[in-house]
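In what follows, a single structure is set out as structure tokens and then discussed.
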Amino acid sequence: DTTVKQNPRYKLARVGKPVNLICSQTMNHDTMYWYQKKPNQAPKLLLFYYDKILNREADTFEKFQSSRPNNSFCSLYIGSAGLEYSAMYLCASSSGRRTGQLYFGEGSKLTVL
Amino acid sequence: GDSVTQTEGQVALSEEDFLTIHCNYSASGYPALFWYVQYPGEGPQFLFRASRDKEKGSSRGFEATYDKGTTSFHLRKASVQESDSAVYYCALGLQGKLIFGQGTKLSIKP
Numbered sequence: 487d488t489t490v491k492q493n494p495r496y497k498l499a500r501v502g503k504p505v506n507l508i509c510s511q512t513m514n515h516d517t518m519y520w521y522q523k524k525p526n527q528a529p530k531l532l533l534f535y536y537d538k539i540l541n542r543e544a545d546t547f548e549k550f551q552s553s554r555p556n557n558s559f560c561s562l563y564i565g566s567a568g569l570e571y572s573a574m575y576l577c578a579s580s581s582g583r584r585t586g587q588l589y590f591g592e593g594s595k596l597t598v599l
Numbered sequence: 142g143d144s145v146t147q148t149e150g151q152v153a154l155s156e157e158d159f160l161t162i163h164c165n166y167s168a169s170g171y172p173a174l175f176w177y178v179q180y181p182g183e184g185p186q187f188l189f190r191a192s193r194d195k196e197k198g199s200s201r202g203f204e205a206t207y208d209k210g211t212t213s214f215h216l217r218k219a220s221v222q223e224s225d226s227a228v229y230y231c232a233l234g235l236q237g238k239l240i241f242g243q244g245t246k247l248s249i250k251p
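These protein sequence lines map, in sequence, to chains A and B. Mapping the first sequence onto the working numbering, position 79 (from 1) lands on 565, and the numbers just tick up by one. Mapping the second sequence onto the working numbering, position 35 (from 1) lands on 176, and the numbers just tick up by one.
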């Protein structure tokens, strides 16, 4: 079963409110990723976990937090949503950091009003 | 910084046409190169990869050849079908990260 699940699929949030997105995978993959996708832009890597080690991209370091309580789950947390956070958030997992073969979920569409 | 450029934002073809989607990259190291495909309502799916110069990757009738000299990894298919309608992403892999291009939306008219 090569499935990555994301919840919620759609999220409506008010400016200034927190947002928590959840991702799960049952493939026992050691690496989990979060990408942000806006229309007409490339998916942008926000952060990834290799096992329990979190790596955040420098330009989004302060905007997103994440936790990985166990191998199967990973969350993406926005403490105070702004309009610029409206996007599709894609979670992915892989076995080993260097294979490049990522398995993506269907995405969580966040709309901030 | 490292980046991927896909020239075409959208491509419209008829069934049995030949497909080319251009992909060029800029990287500080020697990256692996990938193609991913995304169908409506789904997440991107791995199509294939190539890891070294002149290596050809292929899957489902699609193919691309790693060209270090021209820093390119163009996607080709000899005869497209309506079911190939999707968004195609070129990506490079370096230091455990995948960097994607903007994507090319392929529409096939029956």
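Virtual Cβ for every residue (Gly too), placed ideally from N, Cα, C. Since the model is a prediction, treat every value here as computed from it, not as a measurement.
Chain-ordered neighbours of residue i on chain A, where CB pairs are closer than 7 Å
i	result
Leu154 of chain B	Within chain A, no residue comes near Leu154 of chain B; the closest Cβ sits about 21 Å away, beyond 7 Å.
Phe175 of chain B	Gly586
Beta-carbon spacing of residue i, residue j below 8 Å
i	j	result
Ala232 of chain B	Val178 of chain B	no
Leu174 of chain B	Tyr207 of chain B	yes
Ala573 of chain A	Lys503 of chain A	no
Tyr575 of chain A	Gln522 of chain A	yes
Gln243 of chain B	Gly150 of chain B	yes
Ser594 of chain A	Arg500 of chain A	no
Tyr123 of chain B	Phe241 of chain B	Outside the shown range of chain B, which is 142 to 251, sits residue 123 of chain B, and nothing can be said about it.
Leu507 of chain A	Ser566 of chain A	no
Ala578 of chain A	Tyr589 of chain A	yes
Gly660 of chain A	Asp516 of chain A	Outside the modelled stretch of chain A, which goes from 487 to 599, sits residue 660 of chain A, for which no answer is possible.
Val505 of chain A	Gly591 of chain A	no
Trp176 of chain B	Phe189 of chain B	yes
Per DSSP, cross-strand counterpart(s) of residue i
i	result
Ser220 of chain B	According to DSSP, Ser220 of chain B bridges with nothing at all.
Met518 of chain A	A:Tyr535 and A:Ser579
Gln151 of chain B	B:Lys246
Ser144 of chain B	B:Ser167
Other residues of its chain near residue i: CB distance less than 7 Å, five sequence neighbours each side excluded
i	result
Arg193 of chain B	Tyr207
Ala168 of chain B	Asp143, Leu233 and Leu235
Ser558 of chain A	Ser510, Gln511 and Thr512
Leu531 of chain A	Tyr519, Tyr521 and Glu543
Contacts that residue i makes with chain A (C-beta to C-beta distance below 9 Å)
i	result
Arg190 of chain B	Thr585, Gly586 and Gln587
Pro252 of chain B	Because chain B spans 142 through 251 in this model, residue 252 of chain B falls outside it and cannot be assessed.
Pro251 of chain B	Correct list: empty, because the minimum Cβ distance to chain A is about 26 Å.
Gln151 of chain B	The premise fails here: Gln151 of chain B is roughly 10 Å from chain A at the closest Cβ pair, so nothing lies under 9 Å.
Where residue i meets chain B, residues with beta-carbon distance less than 9 Å
i	result
Leu532 of chain A	None at all; the shortest Cβ gap to chain B is about 11 Å.
Tyr536 of chain A	Gly237
Residue-chain proximity (residue i, chain E), Cβ-Cβ < 8 Å
i	result
Leu239 of chain B	Looking at the structure shown, chain E is missing, and the protein chains on hand are A and B.
CB-CB length for residue i against residue j, believed under 8 Å
i	j	result
Gln587 of chain A	Phe187 of chain B	5 Å
Tyr321 of chain B	Leu247 of chain B	Any question about residue 321 of chain B goes unanswered here, given that chain B covers just 142 to 251.
Own chain residues within Cβ distance below 6 Å of residue i, not counting five before or after
i	result
Ser220 of chain B	Glu157
Lys250 of chain B	Ser155
Residue i: contacting residues in chain B (beta-carbon distance under 7 Å)
i	result
Gln527 of chain A	Gln243
Contact set for residue i: own chain, Cβ-Cβ below 8 Å, skip 5 residues either direction
i	result
Ser541 of chain A	One detail in the question is off: residue 541 of chain A reads as Asn in this sequence, not Ser. Cβ neighbours of Asn541 of chain A beyond the five flanking positions: Leu533, Phe534 and Tyr535.
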